[in-house]
Structures are given as C-alpha cells and as structure tokens.
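Those protein sequences? They're chains A and B, same order as listed.
Taking our numbering, I'd label the letters of the first sequence as residues 68 to 188.
Taking our numbering, I'd label the letters of the second sequence as residues 68 to 188.
Backbone N, C-alpha and C fix where the C-beta goes; we use that ideal spot for every residue, glycine too.
Worksheet: the structure to be examined is printed underneath.
Number of protein chains: 2
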Amino acid sequence: MSPRRRGDLEPARRTSAPVFAALGDDTRLSLVAKLSDGQRHSITRLCLGSALTRQAITKHLRVLEGARIVRSVRSGRESLFELDPAPIRQVRTYIDSVSEQWDRALSRLKSFVEDGAPGQG
Amino acid sequence: MSPRRRGDLEPARRTSAPVFAALGDDTRLSLVAKLSDGQRHSITRLCLGSALTRQAITKHLRVLEGARIVRSVRSGRESLFELDPAPIRQVRTYIDSVSEQWDRALSRLKSFVEDGAPGQG
DNA sequence: TCAATATGCAACCAAAAGGTTGCTTTTATT
DNA sequence: AATAAAAGCAACCTTTTGGTTGCATATTGA
C-alpha cells in the first residue's frame with residue numbers, strides 16, 4: 068500500500084523539519100543557549116549581547132515560539148521567555164534514528180562485501 | 068575578556084546553524100532519509116516519490132551539499148549523491164551539550180529551591 | 001500625575017528561498 | 001548516426017526571512 072520501506076523515520080520527519088528550521092539560525096541558536104540556563108528571561112535581557120534591534124530579537128523569539136522550542140509568559144510590563152526542552156529532545160531522537168539506520172545499512176554493506184558479492188561501485 | 072560564561076556551546080554554534088538550516092526542510096529531510104541507506108543515488112532516482120521537478124530536487128541536493136551533509140560524484144552521465152554522516156553527528160553532539168546544560172541548570176535550580184532560598188518566581 | 005521602561009504593532013525593504021519553464025550539453029544505447 | 005536519458009544552466013517568478021524605523025500602549029516608580 069503506502070510506501071513504507073525502511074525504518075519509521077517518515078512520520079517524525081514532518082514534525083522535525085520546523086524545529087530544525089527554527090534552530091537553523093545563529094541568532095536563534097544563541098537565544099537557545101542563553102535560555103538553556105533553565106530560567107526565564109525578558110526580551111530586553113535577551114537583547115543584551117546582540118547588535119540587532121529589540122524587534123529583530125523579538126521576531127526570532129516568535130519563530131522559536133512557533134516551533135514550541137520556547138514559551139512566553141507575560142509578567143507585568145515584561146514578557147518572559149523560557150525554554151521547552153521537549154522539541155529539541157524530539158529532533159535528537161530523530162537524528163539518532165537516522166544515524167542508527169545509516170550505521171545498520173553500513174554494516175550490512177560491509178558483510179555483503181566480505182561475502183565477496185559482485186561489484187558494488 | 069571575551070564573554071565566555073557557561074559551557075562551550077558557543078564555538079560549535081556557528082558551525083551547527085547551517086546544518087540545522089539545511090535540515091529544516093521536509094523535502095531535504097526526506098532526501099536525507101533516502102540517502103541514509105548508505106548507498107549512492109542518482110538525481111532521477113532521488114526524484115522518484117516526489118511531486119517536485121528534478122531541478123527543484125537538484126537545488127535541495129546542492130543545499131545539502133553546501134552544508135556537507137551530502138557529497139556528489141559524477142559517474143558517466145549521472146551524478147551520484149551519498150550521505151556524509153559527520154555533520155549530522157556534529158549537530159547531535161551540539162544538541163546533547165544544550166540538553167546537558169539545561170539538565171544541570173535544572174538540578175541546580177532544584178537544590179536551590181530545596182534549600183529554601185528566597186522567591187524564585 | 002509624569003517620566004521612564006518594556007513591549008507591541010505596522011509598514012516597509014532587500015535579499016534569499018523555493019519553485020517553475022525552456023534549452024543546452026554530455027553520455028548511453030541501438 | 002540518431003535517439004534517448006541524465007543532468008546542467010539560466011532566467012524568471014512569488015513568498016518568506018531577516019531586518020529596519022516610527023509610533024502606540026501598558027506598566028512601574030518617583
């Protein structure tokens with residue numbers, strides 16, 4: 068029926084791609100790094116080391132929020148951001164399954180060659 | 068001197084962001100999945116299940132190649148692509164260090180709270 | 001209440017991303 | 001030699017991204 072060869076990477080793919088995309092920016096990765104101290108930070112605080120505008124940083128935070136990597140709570144006049152480690156763990160699992168599949172394929176290839184099978188390249 | 072608080076995530080960040088960006092697309096993730104069988108595939112082969120044009124797929128392959136996730140070798144009239152697992156392993160390591168840092172921070176927070184320190188939120 | 005602080009909102013802009021179509025070139029095949 | 005197959009090149013288009021500036025709004029604090 069549906070093309071389900073190989074491992075089960077394919078369901079997790081659609082959910083992983085947006086997380087990868089959100090992590091695919093240096094500014095956003097540095098925001099994640101700052102937030103990986105497990106605490107809540109205001110936007111102005113997160114702007115500190117950066118050359119960018121507050122609004123630029125805000126946009127990046129919203130991108131991270133869209134990928135659920137980050138949550139925001141309003142507290143008084145400031146909005147505080149905190150990391151949600153779940154999506155990052157999820158892509159880690161995805162990467163693991165890709166690597167694992169690659170390793171298995173390679174060992175199959177190896178034993179295939181060791182058996183002296185016909186030319187493979 | 069240079070702002071080197073926290074762990075050593077910061078050097079690896081600049082090299083990881085492009086890899087994340089390259090993985091942040093569903094089409095490209097599916098190409099990676101196909102190539103994770105450890106074998107070389109031609110472009111037309113990689114186009115098979117897709118609704119996109121060959122040229123679109125080619126562009127995606129070039130993006131993956133730019134991030135060193137994939138290598139291409141010309142063989143006769145076709146150009147064959149194969150996965151290079153190194154960059155993916157690299158981002159996996161990066162993710163691990165972020166998670167690890169988060170876990171450490173959380174356990175520090177926890178013992179801090181257990182010591183009955185003044186209000187933390 | 002007035003001023004400072006923190007953020008939100010919106011318009012705008014340039015560049016990059018993702019995709020298409022059409023044509024050429026190279027390599028196989030018959 | 002002629003045809004078919006595989007890929008490359010280039011122009012073009014639309015949407016998204018990453019960033020800016022300017023102004024409005026909400027919340028503190030003196």
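May I ask you to list the residues that DSSP assigns as paired with residue i?
| i | result |
| --- | --- |
| Ser-139 of chain B | B:Phe-148 |
| His-108 of chain B | B:Phe-148 |
For residue i, which residues in chain A fall below 9 Å Cβ to Cβ?
| i | result |
| --- | --- |
| Ile-110 of chain B | Neighbours of Ile-110 of chain B on chain A: none; closest Cβ ~17 Å, over 9 Å. |
Within the continuous alpha helix (DSSP H) that includes residue i, where are the two ends?
| i | result |
| --- | --- |
| Leu-115 of chain B | Segment: none, Leu-115 of chain B is in no alpha helix (DSSP H) and carries neither H nor E. |
| Leu-76 of chain A | 76–90 |
| Thr-120 of chain B | Thr-120 of chain B -> no alpha helix (DSSP H), and no H or E assigned at all. |
| Ala-134 of chain A | Counting along the chain, Ala-134 of chain A falls outside any alpha helix (DSSP H), and DSSP gives it neither H nor E. |
| Ser-97 of chain A | 93–102 |
Apart from the five residues just before and just after residue i, which ones in its own chain have a Cβ nearer than 7 Å to its Cβ?
| i | result |
| --- | --- |
| Val-158 of chain B | Ser-83, Val-86, Phe-87 |
| Leu-98 of chain B | Leu-113, His-127, Leu-128, Leu-131 |
| Pro-185 of chain A | Caution is warranted here: a pLDDT of 49 is assigned to Pro-185 of chain A, below 50, making its placement in the model unreliable, and the coordinate value is therefore given only provisionally. Closer than 7 Å at Cβ, skipping near neighbours: no residue. |
| Arg-171 of chain A | none |
| Leu-119 of chain B | Thr-94 |
Run down chain B in chain order and give the residues with a C-beta less than 7 Å from the C-beta of residue i.
| i | result |
| --- | --- |
| Val-99 of chain A | Val-165 |
With distances taken Cα to Cα, identify the nearest neighbour of residue i among the options.
| i | options | result |
| --- | --- | --- |
| Leu-128 of chain B | B:Arg-156, B:Ala-79, B:Asp-93, B:Ser-178 | B:Asp-93 |
| Ala-100 of chain B | A:Lys-101, A:Ala-79, A:Gln-106, A:Arg-107 | A:Ala-79 |
| Arg-121 of chain A | A:Gly-105, A:Pro-154, A:Glu-145 | A:Glu-145 |
| Gly-133 of chain A | A:Gly-143, A:Leu-119, A:Pro-154 | A:Pro-154 |
| Leu-173 of chain B | A:Ile-136, A:Arg-135, A:Leu-119, A:Pro-152 | A:Pro-152 |
Closer than 8 Å by C-beta to residue i: which residues in its own chain qualify, once you throw out the five before and the five after it? Chain order, please.
| i | result |
| --- | --- |
| Ser-103 of chain B | Leu-150 |
| Ile-124 of chain A | Thr-94, Leu-98, Ile-110, Leu-113, Cys-114, Ser-117 |
| Leu-147 of chain A | Arg-107, His-108, Ser-109, Ser-139, Val-140, Arg-141 |
| Leu-96 of chain B | Leu-90 |
| Tyr-161 of chain A | Leu-76, Ala-79, Arg-80, Ser-83 |
| Ile-136 of chain B | Val-86, Ala-89, Leu-90, Val-99, Leu-150, Asp-151, Pro-154, Ile-155 |
Does the beta carbon of residue i fall short of 8 Å from some heavy atom of the ligand ZN?
| i | result |
| --- | --- |
| Val-137 of chain A | As far as ligands go, the structure on display features none, and thus does not contain the ligand ZN. |
What does residue i touch in chain A if you count any residue whose Cβ is under 8 Å from its own?
| i | result |
| --- | --- |
| Glu-77 of chain B | Ser-97, Ala-100 |
| Val-158 of chain B | Ile-162 |
| Leu-150 of chain B | Trp-169 |
Can you pull the chain A residues whose beta carbon is under 7 Å from the beta carbon of residue i, in chain order?
| i | result |
| --- | --- |
| Gly-105 of chain B | Trp-169, Ala-172, Leu-173, Leu-176 |
| Leu-90 of chain B | Phe-87 |
| Asp-93 of chain B | Arg-80, Arg-81, Ala-84 |
| Ile-155 of chain B | Ile-162, Val-165, Ser-166 |
Looking only at its own chain, which residues have a Cβ that is under 6 Å from the Cβ of residue i, when we skip the five neighbours before and after it?
| i | result |
| --- | --- |
| Arg-72 of chain B | Note that Arg-72 of chain B has pLDDT 49, beneath the 50 cutoff, so the model's placement of it is unreliable and the number below is only indicative. So no residue of the chain qualifies. |
| Ser-166 of chain A | none |
| Ser-178 of chain B | none |
| Trp-169 of chain B | none |
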